[in-house]
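Heads up, the sequence shown is in this note's numbering, so the first residue is 56 and it goes up one at a time.
Note that CB positions come from ideal geometry on N, CA and C, so glycine has one too.
See structure below.
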Amino acid sequence: AQTQVFGLNVEGDIEAGGRIYGEKPSQKRDAKFEEYRDLPELPYLGQFRLRLFTPDEGYSSEFLGSKWGQQDQEFSLRTGRLGLWEFGFDWDQTRHIFSTNARMLATESARGVFTLPAPRPAGAAYNTARELDEISTRWDTARILFRLTPTPDLELKAQYTRINKEGDRPMGVPFGFNVIEVLEPIEQTVHETRLQAAIAREQWQLQVGYTFSLFQNSLSSLTADNPSSAVNTAFVASATGGASTPAAGRLSLPPDNMAHTFSLAGGVNLPWWRTRVTSNLSYSLWLQNDDFLPHTINPNIAAAGPDLALPQTSLNGNLQIFLLNLNATSRPLPPLTLSAKYRLYDYMDLSDVIIFPGIAETDSSLVSEAHKAGRWSYIRHNADVDGRWRIVQPVALTLGAGWERWDRSDHREVPESDEVFGKAALDLTPWDWLLAKLKYMPSFRRINLYNSRAHALHTTTEEDAVSPQGQSFQLRKFDEGERNRQRIDLLVQLMPTDTLTATPTVGWRYDDYIRSTLGLQEEASWSAGMDLNWAPVERVSIFGGYVHESIL
56 AQTQVFGLNV EGDIEAGGRI YGEKPSQKRD AKFEEYRDLP ELPYLGQFRL RLFTPDEGYS
116 SEFLGSKWGQ QDQEFSLRTG RLGLWEFGFD WDQTRHIFST NARMLATESA RGVFTLPAPR
176 PAGAAYNTAR ELDEISTRWD TARILFRLTP TPDLELKAQY TRINKEGDRP MGVPFGFNVI
236 EVLEPIEQTV HETRLQAAIA REQWQLQVGY TFSLFQNSLS SLTADNPSSA VNTAFVASAT
296 GGASTPAAGR LSLPPDNMAH TFSLAGGVNL PWWRTRVTSN LSYSLWLQND DFLPHTINPN
356 IAAAGPDLAL PQTSLNGNLQ IFLLNLNATS RPLPPLTLSA KYRLYDYMDL SDVIIFPGIA
416 ETDSSLVSEA HKAGRWSYIR HNADVDGRWR IVQPVALTLG AGWERWDRSD HREVPESDEV
476 FGKAALDLTP WDWLLAKLKY MPSFRRINLY NSRAHALHTT TEEDAVSPQG QSFQLRKFDE
536 GERNRQRIDL LVQLMPTDTL TATPTVGWRY DDYIRSTLGL QEEASWSAGM DLNWAPVERV
596 SIFGGYVHES IL
């Protein structure tokens with residue numbers, strides 16, 4: 056409907072109704088039926104929209120809502136002046152149902168603390184435990200945004216998002232080889248602030264941004280009783296430490312943390328050879344410094360000796376990521392297109408390197424061996440260049456080459472690896488309804504050395520590193536070993552009518568791990584598939600696909 060009030064145009068629509076099930080899914084199947092939605096058997100307001108605007112559309116306000124009163128409801132408000140500013144507010148709920156018929160003997164005596172009845176019940180008793188209510192989580196997301204365009208080529212944006220997560224989800228607590236499943240309590244909040252400015256001129260464009268993210272968890276741990284023991288048994292020492300059956304176990308929950316991300320992106324049109332250069336870079340700083348939990352809540356293991364003393368109270372976690380993308384495209388001649396790409400990804404783990412004198416495993420055993428926390432920094436480079444020449448109108452040939460370089464931390468077996476590849480592709484478009492593309496890519500990966508004991512040397516102290524542990528010196532992990540690869544892909548796109556598109560594909564690949572005597576040595580694979588897309592009318596599209604892959 057549309058009308059006028061106080062000189063403003065008013066329009067809107069509303070959708071309401073009711074829902075009745077002839078036969079609702081059983082309780083067991085209802086968790087999947089309503090996994091991410093709420094479908095109550097009640098009258099409901101499906102959708103509401105109200106819009107007010109001036110006759111010239113200069114100013115407008117719009118309010119939207121859907122699924123009111125349900126656990127997946129949504130609301131939205133927009134108001135602004137056309138081409139100058141806009142203010143918006145969004146709020147929505149999203150739920151995830153894990154189970155509607157689960158059973159559990161343990162009771163939650165306090166949030167995140169699960170207690171079994173005394174005496175400890177036998178195994179069969181768990182099958183007849185009380186049935187729980189729905190196990191699910193719900194996210195409530197609120198978002199405020201503001202956009203300002205003071206000039207036609209300048210845009211400023213600010214956005215704040217708050218996500219509140221509540222509920223429970225299944226979680227297993229291990230006691231050696233024995234495990235009890237309880238519920239992980241979810242009481243988490245995420246805050247995110249985004250700031251962005253963009254300027255666009257005819258010959259160049261520039262965009263800068265900043266994002267701040269804060270994660271808060273109101274709970275630091277989960278505790279559950281051991282179903283096989285009601286007491287902490289006496290500690291029994293051994294050559295490597297010792298053991299004690301615990302009465303309860305504890306797991307750490309996700310810690311509070313924050314992240315800062317700075318980004319810069321831009322593009323420029325150069326006056327030579329119709330050349331355009333684009334680039335974007337970002338820097339992220341992730342911080343986490345929650346206090347460590349004690350190694351164990353089993354007092355008999357904690358009292359066994361000084362091995363479980365914490366060397367410091369927190370991690371002082373510091374993770375930094377630098378990303379750079381640089382692209383250039385040029386057309387010096389009408390039939391020739393040249394392109395070059397370079398990508399740098401630098402993952403820097405600068406958290407404290409902590410040596411723990413000993414560790415406790417699943418609150419049931421003491422390992423009296425010093426362990427060093429691993430740091431998994433690495434740098435990855437990717438570069439490729441290619442040229443595409445249109446030989447004649449329906450035929451184009453692309454030739455290119457590329458390079459990938461990994462610089463890994465000394466925790467990995469291969470500190471440095473290089474892979475080079477070539478590329479040759481032939482495009483054929485003889486008619487508007489036919490496109491065929493054949494591509495061949497050989498590649499060759501080489502490494503500087505393979506140290507099969509690299510990880511063992513850095514997870515224990517230097518004195519313990521001589522102990523026989525780690526992997527066989529003959530093993531070569533497939534993502535680090537030297538490899539020769541041959542790959543051929545064929546894609547054909549057929550459009551017999553304006554509404555029907557068929558895309559058959561065929562691929563073949565052979566990998567030869569040339570210096571691997573233990574582990575993956577060679578692999579041959581082929582695949583064939585077909586995608587079909589049919590649009591019988593303007594607003595309806597039907598899509599289907601099938602792929603068969605064989606790996607030998």
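{"query": "Since Asn382 sits in a beta bridge, which residues does DSSP pair it with?", "result": "Thr333, Lys396"}
{"query": "Take Glu517 and list the residues in its own chain whose beta-carbon comes closer than 6 angstroms to its own, dropping the five residues that flank it on each side.", "result": "Since pLDDT at Glu517 reaches only 44, below the 50 mark, its modelled position is unreliable, and the value read off the structure follows with that caveat. Around Glu517: no qualifying Cβ."}
{"query": "Once you ignore the five residues that flank Ser115 on each side, which residues in its own chain have a CB closer than 6 angstroms to its CB?", "result": "Phe108"}
{"query": "Per DSSP, which residues does Glu459 bridge with? Please list them.", "result": "Asn437, Glu474"}
{"query": "By Cβ distance below 6 angstroms, which residues in the same chain neighbour Ile606 in space, the five residues on each side in sequence not counted?", "result": "Ser580"}
{"query": "Near Asp519, which residues of its chain fall below 7 angstroms by C-beta distance, leaving aside the five closest residues on each side in sequence?", "result": "Confidence at Asp519 is low in this model, with a pLDDT of 42, below 50, so the placement of that residue is unreliable and no value is reported for it."}
{"query": "Which residue wins for smallest C-alpha separation from Thr453, given the options Leu490, Leu393, Ile254, Leu381?", "result": "Leu393"}
{"query": "If we count the other Cβ atoms within 10 Å of its Cβ and call it buried at 16 or more, is Tyr265 buried or exposed?", "result": "exposed"}
{"query": "With DSSP run on the structure shown, which of helix, strand or coil describes Ile75?", "result": "coil"}
{"query": "Report the residue from Asp127, Ala179, Ser299 whose alpha carbon sits nearest the alpha carbon of Val286.", "result": "Ser299"}
{"query": "Would you mind sorting Gly135 into buried or exposed? The rule is 16 or more other CB atoms within 10 Å of its CB.", "result": "buried"}
{"query": "Can you tell me which of Ser307, Pro225, Asn312, Gly304 puts its alpha carbon nearest to the alpha carbon of Glu247?", "result": "Asn312"}
{"query": "Whose C-alpha, out of Ala314, Leu269, Thr204, is nearest the C-alpha of Leu374?", "result": "Ala314"}
{"query": "In whole angstroms, give me the CA-to-CA distance for Ala364 and Ile352.", "result": "13 angstroms"}
{"query": "Measure the C-alpha to C-alpha separation of Arg531 and Tyr495 and round it to an integer number of angstroms.", "result": "27 angstroms"}
{"query": "Should Val595 go down as buried or exposed, given a rule of 16 or more other Cβ atoms within 10 Å for buried?", "result": "exposed"}
{"query": "Alpha carbons only, please: which of Ala415, Tyr400, His436 is nearest the one belonging to Pro349?", "result": "Ala415"}
{"query": "Tell me the residue span of the alpha helix (DSSP H) that contains Asp85.", "result": "82-88"}
{"query": "Applying the criterion that 16 or more other CB atoms from any shown protein chain within 10 Å of the CB defines a buried residue, is Ser420 buried or exposed?", "result": "buried"}
{"query": "Quick one: grab the DSSP three-state call for Ile356.", "result": "helix"}
{"query": "My guess is that Gly455 and Asp441 are in contact by the Cβ rule of under 8 angstroms, so how many angstroms apart are they, rounded?", "result": "3 angstroms"}
{"query": "Hey, quick one: how far does the beta strand (DSSP E) through Thr589 stretch, first residue to last?", "result": "According to the sequence provided, residue 589 is Trp. The question's Thr does not apply to it. Element bounds for Trp589: 577-592."}
{"query": "Taking C-alpha atoms, which residue in Glu593, Ser283, Gly457 lies nearest to Gly609?", "result": "The displayed coordinates of the chain run from 56 to 607. Any statement about residue 609 would go beyond what the structure contains."}
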